[in-house]
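Just so we're aligned: 27 in my numbering is position 21 of the sequence shown, and the numbers increase by one with no gaps anywhere.
Just so it is clear, CB atoms sit at the ideal spot from N, CA and C, and this is done for glycine as well.
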Amino acid sequence: MRTPIFLSKPSPICKEQECFIDCLIEFLKSEGLEPRTLGVTDYDINAPLKGIRRIMMESNGLLAIALKKTHIETGCQYKEGCWDCVEDKWLTSPYCQIEPAMAFQLGLPVLILRDKSVIADGILEKGALGSFMSVFNMEDGCDYFCSDEFLELLREWEADVRTVAKNKGNPPRLY
């Protein structure tokens, strides 16, 4: 039986992203993990946040992929007391901010993978969760999942996920 995890991802905007997600899902399944995503593997008639919370309560960790979603050709950003020009950058889905924050509040292990073109803001900033965040280049495609960086991060996160799964079976402690 596979260990359920929550997979947070935006809908792919191109074939390259679709292939990347498919490779990740197959890799996770080969590791004995069962990725679950609202609207893909699970459905709910309630408000999306209720459905997301239900799936998370049944999961043992969250893996988020911050893929390109909205392009900023030219813009301005107020940061650290001054305006900064932003050119040729991308935003991801707001759910790539919301879902990891929800998982963090539930105490689930969180692993975030961010496309290098996506602006590192909010929970996507390095250190926001206190753990290392991998920044990948979509041009590497599925080869990224063979990289030492990814494999080491996944092993550490996976160990935490398996600990959560094991501990969920223990009775509550009164002391």
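DSSP three-state assignment for residue i, whether helix, strand or coil
i	result
C1	Here the chain covers residues 7 to 181 and nothing more, so residue 1 does not appear.
I58	helix
E37	coil
E131	coil
I71	strand
Proximity winner among the options, relative to residue i (alpha-carbon distances)
i	options	result
C148	D28, S99 and N173	D28
R8	C20, E22, E32 and F110	E32
D121	F110, G113 and F142	F142
L55	W163, A109 and Q83	A109
L112	A53, T43, P178 and R59	R59
K15	K21, T43 and K35	T43
Q83	A126, Y181 and K74	A126
L69	I78, D94 and L117	L117
V92	Q103, G133 and E79	E79
E164	N66, C102 and L73	N66
Alpha helix (DSSP H) segment containing residue i, residue limits
i	result
A109	Y101 to L112
A165	D154 to K174
Residue i, enclosing beta strand (DSSP E) - first and last residue
i	result
T80	T76 to K85
R8	Note, R8: premise wrong, no beta strand (DSSP E); not H, not E.
F151	Here F151 belongs to no beta strand (DSSP E), and DSSP marks it neither H nor E.
V92	C88 to L97
I118	V116 to D121
F142	S140 to F142
Outcome for residue i when other beta-carbon atoms lying within 10 angstroms are tallied against a minimum of 16
i	result
V182	Beyond the ends of the chain as shown, which are 7 and 181, falls residue 182; an answer cannot be given.
S153	exposed
Cα-Cα separation, residue i to residue j
i	j	result
S17	S99	8 Å
G57	P41	15 Å
G87	D146	36 Å
L157	L30	12 Å
D90	G133	22 Å
N52	M62	15 Å
K21	I129	26 Å
Distance cut-off 8 Å: residue i Cβ against heavy atoms of the ligand FMN
i	result
L44	With respect to the ligand FMN, the structure shown offers nothing to examine, as it has no ligands at all.
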